[in-house]
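According to our numbering, the sequence shown is numbered sequentially starting from 1.
The C-beta atom is built at its ideal place from N, Cα and C for all residues, glycine as well.
Small disclaimer: the values here were computed from a predicted structure and weren't measured.
Quick notes on the structure that follows.
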Amino acid sequence: MRCACFLLACLCALLSGGEPPREPQLVLETGFHTAKINGIDVAADGTVLTVSDDKTARLWQREGKGFRLERVLRVPRGPGDEGKLYAGALSGDGQWVAVGG
């Protein structure tokens, strides 16, 4: 899985005149989103991408009647709305991810 989300977020931060935070941030991993999900996309192979106000993008794989969390993608985050994700897309083969916030 190739991820362009970090690069995209850094580019947007630099273009807007800011810089991504450099200090480590402690984040609790719950295994699911902890805020409103703003976007969902599905690739042909069944991979599902969700993006959320919790400042994460998550990739899910179909497993039986449900879904299994495959990977968590974290973009640079800051105070307030900085880092919230509002849109996401997967390539048709599920190999590329793009997110925006």
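About 6 Å separates the CB atoms of leucine 85 and asparagine 38; that is less than 8 Å, so the two are in contact. One thing to note: aspartate 93 has its Cβ within 8 Å of the Cβ of alanine 44.
Rounded to whole angstroms, valine 27 and arginine 74 show a C-alpha spacing of 10 Å. According to the DSSP assignment, glutamine 95 belongs to no beta strand (DSSP E), since it is labelled neither H nor E.
Here valine 48 is not near glycine 88, since their CB atoms are 8 Å or more apart.
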